[in-house]
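A short write-up of the structure that comes next.
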Amino acid sequence: MRPTRSSDPAEVIVDRQERVLSITWRDGHHSVYSFDDLRRDCPCASCNDARSKRLNSRDLLVLSGPVLKPGEVQITNYRAVGWYALNFTWSDGHDTGIYTYESLRANCPCEQCVGAEAAQ
Ligand SMILES: [Zn+2]
Ligand SMILES: [Zn+2]
C-alpha cells in the first residue's frame, strides 16, 4: 500500500455541463478548476513551448488544429494516469497534457489557497 497524502484526491468530478473539474482532496479541501484555465495551462511540452514563444513574440502563436476560444473548451475524454495524475482529451483533439494531482493541488484557485500564497 502506498501512503496517502493530502494531495491525493478523494473524489474527482468532470462536470461537462458547468465546464469545471471538481476535486475533493483527502484532507477535505475542495478545488474547482475551469476547463478554460486547465486547457490554457496545459503542462505538456508543446504547450509549454507555445506559451514561452508567446511571451517572447506576441503575434507568432500558431496552434495546430482548431483554435478554441474561452467558453468553448470541452473535455471529450479523461482518464487517470496511475495514482498520480489525470489526462484529458480536449475538444480540439489535444491530449498530451498530464496533470499531476500535486500540481493541481498546488495551483488550487480557491480564495484560501490564493490568499495563502499571496501572504507568503
Ligand atoms: Zn498541451
Ligand atoms: Zn484551495
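Residues are numbered in the working numbering as their position in the sequence shown, beginning at 1, plus a constant of 864. All residues carry an ideal CB built from backbone N, CA and C; glycine is no exception. Remember, it's a predicted structure, so these values are computed and weren't measured experimentally.
Check whether the Cβ atoms of residue i and residue j sit closer than 8 Å, and answer yes or no.
i    : j    : result
Y963 : S871 : no
V884 : Y942 : no
L968 : S895 : yes
What did DSSP end up calling residue i once you bin it into helix, strand or coil?
i    : result
T964 : strand
N971 : coil
D959 : coil
L924 : Because the pLDDT at L924 is just 42, under 50, the model does not fix this residue reliably, and the point stays unresolved.
D872 : coil
V878 : strand
V978 : helix
K917 : helix
D901 : helix
Pull up the DSSP beta-bridge partners for residue i, would you.
i    : result
P907 : DSSP lists no partner for P907.
S895 : I887
N941 : T953
Can you determine whether any heavy atom of ligand 1 sits closer than 7 Å to the C-beta of residue i, and answer yes or no?
i    : result
G961 : yes
S967 : no
S858 : This structure cannot speak to residue 858, because the chain is shown only from 865 to 984.
- Task: Quick one: residues with CB closer than 7 Å to any heavy atom of ligand 2, in chain order, please.
- Result: H893, S895, C972, C974, Q976, C977
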